[in-house]
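Undergrad: These protein sequence lines map, in sequence, to chains A and B. In this text, residue positions in the first sequence follow my numbering: the first is 1, and each later residue adds one. In this text, residue positions in the second sequence follow my numbering: the first is 1, and each later residue adds one. In this text, a Cβ means the ideal position worked out from N, Cα and C, and glycines have one as well. Computed from a prediction, not measured in an experiment: that's the story for all the values here.
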Amino acid sequence: NAGVTQTPKFRVLKTGQSMTLLCAQDMNHEYMYWYRQDPGMGLRLIHYSVGEGTTAKGEVPDGYNVSRLKKQNFLLGLESAAPSQTSVYFCASSYSTALYNEQFFGPGTRLTVL
Amino acid sequence: QQQVKQSPQSLIVQKGGIPIINCAYENTAFDYFPWYQQFPGKGPALLIAIRPDVSEKKEGRFTISFNKSAKQFSLHIMDSQPGDSATYFCAAGGSQGNLIFGKGTKLSVKP
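1. Can you grab the Cα-Cα spacing for the pair A/Trp34 / A/Cys91, in whole Å?
2. Would you check if the distance between the CB atom of A/Gln6 and the CB atom of A/Ala24 is smaller than 9 angstroms?
3. Can you tell me the Cα-Cα spacing of B/Ile135 and A/Asn101, whole angstroms?
4. Residues of chain B with a CB under 7 angstroms from the CB of A/Gly63: which are they?
5. Starting from A/His47, trace the beta strand (DSSP E) in both directions and tell me its first and last residue.
6. Between B/Lys106, B/Lys71, B/Phe62, B/Ile12, which lies nearest to B/Phe30 when the distance is taken from Cα to Cα?
7. Output the distance between the C-alpha atoms of B/Ser168 and A/Met41, rounded to the nearest integer angstrom.
8. Would you kindly check if the distance between the Cβ of B/Ile100 and the Cβ of B/Leu75 is under 9 angstroms?
9. A/Glu102 touches chain B at which residues, Cβ-Cβ below 7 angstroms?
10. Could you tell me the boundaries of the beta strand (DSSP E) in which B/Phe39 lies?
11. Identify the residues that DSSP records as bridge partners of B/Glu59: which are they?
12. Suppose you measure from the CA of A/Leu21 to the CA of A/Thr112; what does that come to, to the nearest Å?
13. Report the partner residues of A/Asn28 according to the DSSP bridge assignment.
14. Indicate whether at least one CB of chain B lies closer than 9 angstroms to the CB of A/Pro107.
15. Our contact map puts A/Val66 next to A/Gly77 with C-beta atoms below 8 angstroms; I'd like the distance itself, whole angstroms only.
16. Please state the DSSP three-state secondary structure of B/Asp53.
17. Under three-state DSSP, which class holds B/Gln72?
18. Spatial neighbours of A/Asp26 within its chain, please: CB distance less than 6 angstroms, with the 5 preceding and 5 following residues excluded, ordered by chain position.
19. Less than 9 angstroms between CB atoms is the rule here; does A/Phe74 satisfy it with respect to chain B?
20. Can you find a C-beta in chain B that's less than 9 angstroms from the C-beta of A/Arg44?
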């Protein structure tokens, strides 16, 4: 099993450009999450999904959109990138949010917005 | 009420020492307290987790101590090794399942 994979690993954007980050998991997990990690800020939840076709806002959703068209994929979109979105983005998945389930993280995407 | 406060931000210990990382939470609805370990360039990975019905949990050299009345929990690493050098995140969650993470502690274990 590959676990959780993220594409791309690195990306540089100019202000105003758009892009989509792809997350894929092969563990048949129901729940998927997008976090951003900034120095000294820990991990902050952007959006999450409790199942195929459903999404919900997390702690810092502004400027991002997500889609979960297939159970194994969770896409994070930036419609008009801003320098404040420079960060490392992590996708995670879990079998369920009930009963203390472990979240499995991908390797991250390092995004720089100039 | 959703914050999880973690300290210290960074920690340097000698090999064999016992680093201790502390976390405090406010929301009494939290009932799941995991610790994640992250090596440079990698995603976080679950290290150990505890529920509030026990005051301590050990897994190998890693121990969580939990104080429900004080709303605090801590990670102890016994006989620390240079390979334990990483960033450690505490987190707290409830039945909703979404975790609130602390800001992280960068641990360096010197040979």
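TA: Based on what the coordinates show:
1. Within the first sequence, residue 34 of chain A is the residue found at index 34, counting from 1. Within the first sequence, residue 91 of chain A is the residue found at index 91, counting from 1. Straight-line spacing of the CA atoms in A/Trp34 and A/Cys91 works out to 5 angstroms.
2. By one-based count along the first sequence, residue 6 of chain A stands at place 6. By one-based count along the first sequence, residue 24 of chain A stands at place 24. Their beta carbons are under 9 angstroms apart, which means A/Gln6 touches A/Ala24 by this criterion.
3. The displayed coordinates of chain B run from 1 to 111. Any statement about residue 135 of chain B would go beyond what the structure contains.
4. Counting from one through the first sequence, the residue named residue 63 of chain A turns up at place 63. Neighbours of A/Gly63 on chain B: none; closest Cβ ~20 angstroms, over 7 angstroms.
5. Here residue 47 of chain A refers to the residue found at position 47 of the first sequence. Residue range 42-51 is occupied by the beta strand (DSSP E) that includes A/His47.
6. One-based indexing of the second sequence puts residue 30 of chain B at position 30. Residue B/Lys71 is the option with its Cα nearest to B/Phe30.
7. Outside the displayed span of chain B (1 to 111) sits residue 168 of chain B, for which this structure offers no information.
8. Looking up residue 75 of chain B in the second sequence gives position 75. Looking up residue 100 of chain B in the second sequence gives position 100. No, the Cβ-Cβ distance between B/Leu75 and B/Ile100 is not below 9 angstroms.
9. For the purposes of this step, residue 102 of chain A is taken as residue 102 along the first sequence, with counting starting at 1. Chain B residues near A/Glu102: Leu46.
10. On the second sequence, position 39 is the one that residue 39 of chain B refers to. Element bounds for B/Phe39: n/a, residue is neither H nor E.
11. As a working mapping, residue 59 of chain B is identified with position 59 in the second sequence. Bridge partners of B/Glu59: B/Phe62.
12. Translated into positions along the first sequence, residue 21 of chain A becomes position 21. Translated into positions along the first sequence, residue 112 of chain A becomes position 112. Cα to Cα, the separation comes out at about 13 angstroms.
13. Position 28 of the first sequence, counting from 1, holds the residue named residue 28 of chain A. DSSP lists no partner for A/Asn28.
14. Taking the first sequence and counting its residues from 1, the one referred to as residue 107 of chain A is at position 107. Put simply, the CB of A/Pro107 is near chain B, with a gap under 9 angstroms to one of its CB atoms.
15. Locating residue 66 of chain A in the first sequence gives position 66, counting from the first residue. Locating residue 77 of chain A in the first sequence gives position 77, counting from the first residue. With a Cβ gap of about 7 angstroms, A/Val66 and A/Gly77 count as contacting.
16. Reading the second sequence from its first residue, position 53 is the one you call residue 53 of chain B. It is coil, neither helix nor strand.
17. Within the second sequence, the letter at position 72 stands for residue 72 of chain B. In the structure shown, B/Gln72 falls within a strand segment according to DSSP collapsed to helix, strand and coil.
18. Counting from one through the first sequence, the residue named residue 26 of chain A turns up at place 26. If we look at A/Asp26 and ignore the five residues flanking it on each side, its Cβ neighbours are Asn1, Ala2.
19. Residue 74 of chain A sits at position 74 when you count from the first residue of the first sequence. For A/Phe74, the answer is no, since every Cβ of chain B falls outside 9 angstroms of its Cβ.
20. As a first step, residue 44 of chain A must be located in the first sequence, where it is residue number 44. Yes, its Cβ sits closer than 9 angstroms to a Cβ of chain B.
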